[in-house]
Each structure stands twice: as C-alpha cells, then as structure tokens.
Amino acid sequence: MSKELTGKNGKIVGTDVYFQAMNQQFKIEEVVKVSKEYKYLDGLKELVQCCNEMISMIYQDVKSSAYILAFIPEKDRKETAELVKAMGEIIQKWGSHNVNVDRIVSYVLLSSKESKRKSSESFGNIEKAEKKIRSNTGNNISISEKLNMLQKALNSNVSKAASNDLKKFAFLSSVEQGKGNAFLADVYYYYQYKWNEKIYKGKNGKRLCSKEYNMEIVKKIFRNEFPIKYSYGSAKKYVYEIDKMLKNIYNQIESDIKQGEREHHYIQDKNGKILIYAIEQLQKSGIQCSNLKNNIENLMWFVGGNSQKILQLQKKLNILGMKGSRGKLKEDGVFGEETLCAWNQVSKSLVSGSVPVLTYVDILQSNLTDVTHEVVVKDISNAKLNNSKLKNLSDMNDYSMLFYAKNGKKSRAFMLDRPHYEKGKELSFHINYDADKPIFLKKYLNHKEISESTYIRFKNFTKAGKAVRIGGKVLLVAGVLLDTLELGNTIIDDLSDVDKKIGKKTGMTAAKIGSRWAGAAIGAKLGAMAGSGIGTAVAPGFGTAIGGTVLSLVGGIAGAVGGEEFANWVFDITDLV
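What follows is the structure in structure tokens.
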C-alpha cells in the first residue's frame, strides 16, 4: 500500500523533524548552527564568519604580545597553531583565504622575528637572571626601579641606564653578565610573562595560548567541544569531520528516496521542495551528490483528495479493466502515478484529440415520446437447469422493458432477452424489437444476437446508467463507467497540486461532465419523424434500441486501449439518436 514516505529515522521525509533527527544523529548541529534544519551552506557560512572573527582576535592577541610568546609552553603554542590552521581550512573551504592564519602560525611557532627569543642563551640562564630582578640581596633597589633601569638599558646600555650609580650598575651587570642587550631583553620579557598578567591575557580573558584560552575559542566556534576529541596539540581535521557529517546526511536522504521508489511511496510537494533545496545546499557545500532531484520529483505525486473517493475510483477502474503502468491498480486510496495512468486510459478510450465535454442524454424523452420503462424480475432457476447459457445469470433475473401506446393500449416496444427456444429455434442472447414501424428496423433489430456481457450489463436500463454525448458521438455507458467519470473528475478537482502537474506533466485530457441535458437529442429526431408521418409508434425503436449492429460495442473508441473489459461497458448509439 502506497503511503507518505517515512525515513529510517521514523520521520516523514522532508519535514523539519526529519532533518532535526538526522542532524542530531550525525551531530552536525554540535558544530554548525543550521538555520531552518536543512540550510547547511548557510550554517557553514556562519561558521566561516565566526572563524574569521576568532582569527582576527587571536591575531591581535599574539601580535601585541609577540615578545613573550617564546616563553609560553610549546604544547600550548602548538595547540593554538593547530586550532588556527583548522579554522583556516574551514575558511578556505567555505569562504576565502584569510592571510592572518599564516601570520598567527608564524608567531606562535616562533618562526616570526617578533616572537623569537632575542638571544641564543639557554632558557635556564634566562630563568636564573630573572630571579635577580625579584631578589633584594645586596641592594635596596625596588623591583619597579629595576624594571625601569632594564628598559633604559635595552634602549641604550648598562652604563647609561645605571646613571653612574655603582649599586645600579652592579645590579644591571649581574643580570646582563656580559651577554649583551639581547640576553637582557629575554630576561626582561620573561619577567613580564611571569608576573605581568595584563601582557599575556587574551581578549577572551584567558591566558594567551593556554588550554583555557584554546578551549574558549573552540566553544565560541562550535558552541561546544568538537564531537571528535583530538589530542592536545595534534592536527585538527575539522573540515574532514564536517564533510563526513554532511556526507552521512546526504547518504541517508539518498537511501530513504531509493527506498521510497522501490516501495512506490510518495512525498508531498512542500516536503519534496525542501529536500531538493537541502540537496542543493549540500552540493554547494562540497558534497558529491548524484542527480537525486529527478528521483525526488518522481515521488512528488498528487496527494490531497478524499481517500475514500479515490479508493472507490480505483475499484471502478479495476472493474473497467483500466491498468496502471505496472498492471492492476492497488486499491490503496492514494491518487498516485498508477491511478493517474489508469484514469488517463479512460479519457483516451472515450475520445482522442480535443477535450471531451460529457453531457447526459435522456434516452427516453418520455414527455415527447410517451415511451415508458418498467423493470421486470423473473425467477429463471428452472430454466437455468435446462440451459447452460443461463449459468451466469441470477436466479431472480431483472431486466427492462420499454412500452409505447398503440391503439390506446400499452404495448411492448423493446427489451434485451435471454436465450430461449422460439418456434423450435434456439435463440442466443438477443434483442426483441416489437414495434410495427418502421418495418426495415423491425426486420433488422428483432432477434438480433448480442453478446452475453452486453445482455448482463444492459438488460436493466436503470443499472446501465445514461447516455453521454462526446463530440459527435452519443454513447450509452453502464453505470460503473459513468460513476468512474464523475468520481474521477471530482477527485481531480479536489486534489491540491500547487505545481499543476496534471496539465504540466501528463498532458492528460480532463473530462468535464456537464450537469445539463443534451437538448432533446432523441426527442428532436422523434418529433421530426412524427412530423413526417412516421408516427410515435416508431419512437421506442429509435430511442431505445441498444443492442444491434448499429449499436454494437464501440470498436474504434474502446480499441484505443485494446481492452475487451472497457469495450463491454460502452455502446455507440449515435445512429439511433
């Protein structure tokens, strides 16, 4: 049974909750803020913007504190470098190159002149010399004054900075140790790194390049820690991981669509459009997508309509022998491709070419013709025992008889009759035409053989339905066909298809059944006959003869589908009216 396509996550494919469940399953929303559930590229663009903002902040932090970077633990600097490179890949993939990425990496990995230590002395020597700044042994110089002297020494030399003060000179010389101003600079900057918090605190309030600083950046970008935990200081494959998440989403959509095609399910138009948009977003995000758009569109059937009416229509189409492209229709209450295919056959079977306008024809036109109709019910159970040709008839056989006035009395004019013997001659299913005039018609129609199926379907005129006028044809149709035509058109009108696919995709001819009568189609001709002196006695013959060769099964029209079933429900009575 066809139904609206449900994905593997249990949600209707294409709905917001479908994407929400999928995004949660593949953790994409933990790293990308996806607006409207399926706008992945928009989310990536926002991620790029966030990365650019973080790069700008980090660049300002490391540039302004470049001279102390060499004293930050290597593992912290490497972590910052890897984060920055990972952000740079995101920017490069879904945005454009940011030159500050390389600059930051150069700073924190000490490739930049500004961030390198000024001397080649060991860190141990620098650390020992820095302790002398904090020591009061042998001098009464304050730390602030020591730092002031060191700054002056960096801009000139130890002698000038001491200003001929022996104590100051002795302090500066003990720190400098004859190793020059480069070493003195390393000592001074190392002290600032250790004891001057303002110098190494980043704009996010955390110590520059520290674990807290780096984690704060990750949270700012991804709103949380990245789902895949990378070891501290190692390469961050964020682009690879995001690509994998998006690919998993695409694969899930593709799998659900292919499943829908195999099971002949459908997708509502609004959800199909969202799916197509999501696929376009994924493709623009760099995911290799097959041409899934066509597959999605194939599942976007006509839906809407009254399922009970559609079910009735499918039952009647099966009775008529109308088939879908895959054979007999599933009676599932869904107006899909197969039902549409069968419905198209009805239209094509009735007429080819221009749009048919179906109008009812009152065959009897009793007010004009005085022709009346009665249904007779007769027990034929005994007759069935002796005649195998009657086996398909009900024991209580119902059939119509038409009467007309003759010499003031009611006389039988016309009926379809079952097999029986008459004057020693066996008659098959046939027409009884009892009117006296016109003689040529009585001679032609009376006892004219008809098929068993014709008898069964048209013996009771109340079940046979009415005649319809289509173009230049007047067709007598059995009730099931008339019901099918009416029901089908009602459903077509009810369907809410915003894409107007009935006209756009199928080229189907929509038959409209008018509520008006077809004028006095028979009555006009009968009136003309009466005026010509033929007399109303001939009326029943012309108005109701529904069985002879001239009103045999519709060859050309029914032949449009080549199906015997359909032909059995239609008679061409054009020549009789």
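So for the sequence shown, this note's numbering puts the first residue at 294; every next one is plus one.
Glycine residues also receive a C-beta, built at the ideal position from the N, C-alpha and C atoms.
Everything numeric in this text was worked out from a predicted model, so none of it was measured.
Assign A823 to one of three DSSP states: helix, strand, or coil. Model confidence at A823 stands at a pLDDT of 31, short of 50, so the residue's coordinates are unreliable and nothing is read from them.
Subject >> Separation of Y484 from E339, as counted between CA atoms >> reply: Distance between the alpha carbons of E339 and Y484 is about 41 Å.
Among the candidates Q545, M538, Y543, V511, whose CA atom is the shortest distance from the CA of K529? V511
Unbroken alpha helix (DSSP H) run spanning L501, endpoints | From DSSP, L501 is part of no alpha helix (DSSP H); its letter is neither H nor E.
- Look at the alpha carbon of L686 and the alpha carbon of S583, and state the distance between them as a whole number of angstroms. 59 Å
Legend entry - Inter-residue Cα distance where the pair is Q318 and Q581: 21 Å
Boundaries of the beta strand (DSSP E) in which E719 is found, first to last residue:
718–720 is the span of the beta strand (DSSP E), which, as asked, contains E719.
| Nearest-angstrom Cα separation, counted from K621 out to E667 | 37 Å
Notebook entry, point to check: Based on the DSSP secondary-structure assignment, which residues constitute the bridge partners of R705?
Noted result: F696
Do E871 and K487 have their C-beta atoms within less than 8 Å of each other?
-> For residue 871 there is no data in the structure shown, the boundaries of the chain being 294 and 870.
Restricting to Cα atoms, I'd like to know which of A374, Y692, N680 is closest to P712.
P712 has its Cα closest to that of N680, out of A374, Y692, N680.
| said: For S618 and G629, what's the separation of their Cα atoms in angstroms? | reply: 11 Å
**OP:** Just mark S578 as buried or exposed, buried being the case when its beta carbon has 16 or more other beta carbons within 10 Å.
**Re:** That one is buried.
ask   = How close, in whole Å, do the beta carbons of Y352 and R396 come, if the pair is a contact with beta carbons under 8 Å?
value = 6 Å
Looking at E624 and N611, is the spacing between their C-beta atoms short of 8 Å? Cβ distance < 8 Å, so N611 and E624 count as in contact.
(message) What does the alpha-carbon distance come out to for the pair Y523 and L568?
(response) Taking the straight line from one Cα to the other gives about 33 Å.
Three-state secondary structure (DSSP) at E407?
coil
Inset, instruction - In the DSSP assignment, find the unbroken alpha helix (DSSP H) run with V451 in it and report its ends. - result: 451–455
Query raised in the report: Once you ignore the five residues that flank G826 on each side, which residues in its own chain have a CB closer than 6 Å to its CB?
Result: Its pLDDT being 30, under 50, G826 is placed unreliably by the model, and the measurement read from it follows with that caveat. Once the five neighbours on either side are set aside, G826 has no close Cβ partner at all.
Does the contact criterion of 3 or more C-beta pairs under 8 Å hold for the region 368–378 versus the region 415–424?
no
### Query
How should T747 be labelled, buried or exposed, when 16 other C-beta atoms within 10 angstroms of its C-beta is the threshold for buried?
buried
**Prompt:** What's the gap between the Cα of I434 and the Cα of L440?
**Reply:** 10 Å
Please return the same chain residues whose Cβ sits closer than 7 Å to the Cβ of R500, not counting the five positions on each side in sequence. Excluding positions up to five away in sequence, the list reads Y493, K494, Y506.
message: Does G717 pass the burial test, meaning 16 or more other C-beta atoms within 10 Å, or should it be called exposed?
response: exposed
Please go through the region 322–390 and give each complete alpha helix (DSSP H) segment of 4 or more residues, from N-terminal end onward.
-> 333–357, 367–387
query: Would the region 453–465 and the region 401–408 be scored as touching if the rule is three or more Cβ pairs under 8 Å?
result: no
Leaving out five residues on either side along the sequence, give the residues of the same chain with a beta carbon under 7 Å from the beta carbon of N391. N345, I348, G381, I384
Using the C-alpha atoms, what's the distance from N544 back to E322?
-> 17 Å
| task | On the DSSP bridge assignment, give the partners of M689 in chain order. | result | Here M689 is bridged, per DSSP, to D672.
Which one of D710, L585, G498, E367 has the shortest CA to CA distance from L720? The candidate whose alpha carbon is nearest that of L720 is D710.
If distances are taken between C-alpha atoms only, which option among D729, E330, D354, L778 comes closest to S275?
In the structure as shown, the chain starts at 294 and stops at 870, and residue 275 therefore has no counterpart that could be examined.
In whole angstroms, what separates the C-alpha of S358 from that of V468? 23 Å
Contact under 8 Å by Cβ, H777 with K609
Here residue 777 is Thr; the residue named in the question, His, does not match the sequence. Yes.
Can you give the Cα-Cα distance for F751 and K671, rounded to whole angstroms? 16 Å
- Task: Below 8 Å CB to CB, which residues in the same chain sit around N302 once its five sequence neighbours on both sides are set aside?
- Result: Y311, A314, M315, Q318, Q545
**Asked** Mapping DSSP to helix, strand and coil, what is K522?
**Response** coil
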